[in-house]
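The opening residue of the sequence shown carries number -10 in our numbering; numbering runs sequentially from there. All residues carry an ideal CB built from backbone N, CA and C; glycine is no exception. Reviewing the structure listed below.
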Amino acid sequence: MKPLAVLRVARRIITAMVAVGLVSYVTTLVWEYEKVSKIFGDPMGRIAYVKLHNPDVAPGTPHIVKLVKFAKEHGYDKVLVIHNAGVIGYVHFKYRGVLIVQLGWMDKRGNYAPPNENMVWEDILYGHRPAQGVWVADDRTWPSERAAVKHVLSLLRSTPGRTMFVWHGSVRYGNPLLDPGCGGEPYYWLLFKYGGRVLAYTMMIVGDFSPFLFYGWKFTEEELLHYKTLQKLYSDGFLNTHAVTPDLKKIVPMGREGSYTYALD
């Protein structure tokens, strides 16, 4: 066989293999997505890069105002937010008719315990690390992921309608585009366990850019441009008593539930 003919055959074989691979990937992704959607709602990525208020997921805060607006415009009645648990109790609440349910995972070694190399590889290959922590929801510590998931699903099922399944995503130190932030790990584990590795891998990449979808380019760009200042405001405790817009042009003292909303809308 002439060299040119060999090249043509090789090209056809490679093209066929790529096509089969793409079809297999898309088919698996859709199948895993549908599995997760039936349990938790539609996986849609992270909702923040840095905090604009502390707590960030609470009635009337800048992210929640815009997230709820997006949810209602796109036919969603509920949002399930996954966190890395801190000191708050991740209580569910309703804001402007949308139910916000929260679930956090806390490392038994402490809030800021870094994963070692073995843990990272275990996450990537198996998604098994949740056993090293406890789950938190509605001011309660749940001894197992199964019990915690059962609780949040009971809350979601109490309200009819579609659910957005997201992770918080706020980052306290460093570039937030390079860090999945708060809730990234437990979100990945839930996708891995209830959907599959293809969906988990895909959502952790694609979902990193979801704030652009939820809030628009300008709002999200300002959040990224000012992330160092916003992180400092959070670390210094300023965001415990104030809410800010990502461009830092509006800073409003925290009042009663949602009282600063209209100044930040």
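Does the Cβ-Cβ distance between residue i and residue j come in under 9 Å?
i      : j       : result
Gly30  : Phe154  : yes
Leu88  : Leu142  : no
Pro165 : Tyr38   : yes
Ser92  : Ala137  : In the sequence on display, residue 92 carries Leu and not Ser. Against a cut-off of 9 Å, the Cβ pair of Ala137 and Leu92 comes out as a contact.
Val68  : Val54   : no
Asn73  : Pro(-8) : no
Pro235 : His215  : yes
Asp45  : His157  : yes
Pro200 : Thr209  : yes
Asp96  : Gly122  : yes
Val70  : Gly172  : yes
Asn43  : Tyr223  : yes
Leu11  : Val233  : no
Gly184 : Glu21   : yes
Tyr177 : Phe59   : no
Leu219 : Leu228  : yes
Arg186 : Asp66   : no
Just reading off the alpha helix (DSSP H) that residue i is part of, what are its end residues?
i      : result
Ile53  : Pro51 to Glu62
Ala189 : Arg186 to Val195
Tyr183 : Gly173 to Tyr183
Ser147 : Here Ser147 belongs to no alpha helix (DSSP H), and DSSP marks it neither H nor E.
Phe203 : Ser199 to Tyr204
Identify whether residue i lies in helix, strand or coil by the three-state DSSP scheme.
i       : result
Gly122  : strand
Met243  : coil
Ala232  : strand
Ala30   : The residue you asked about is not Ala; residue 30 is Gly in the sequence shown. Coil.
Thr130  : strand
Ala8    : helix
Lys275  : Nothing can be reported for residue 275: it is not among the residues displayed for the chain, which extend from -10 to 254.
Tyr65   : strand
Pro48   : coil
Lys238  : coil
Ile3    : helix
Arg135  : helix
Pro165  : helix
His215  : coil
His42   : coil
Pro(-8) : helix
Val19   : helix
Val281  : Here the chain covers residues -10 to 254 and nothing more, so residue 281 does not appear.
Phe227  : helix
Any idea which residues DSSP pairs residue i with across the strands?
i      : result
Trp156 : Arg35 and Ile71
Phe82  : Ile89
Would you give the residue range spanned by the beta strand (DSSP E) that residue i belongs to?
i     : result
Leu92 : Val87 to Asp96
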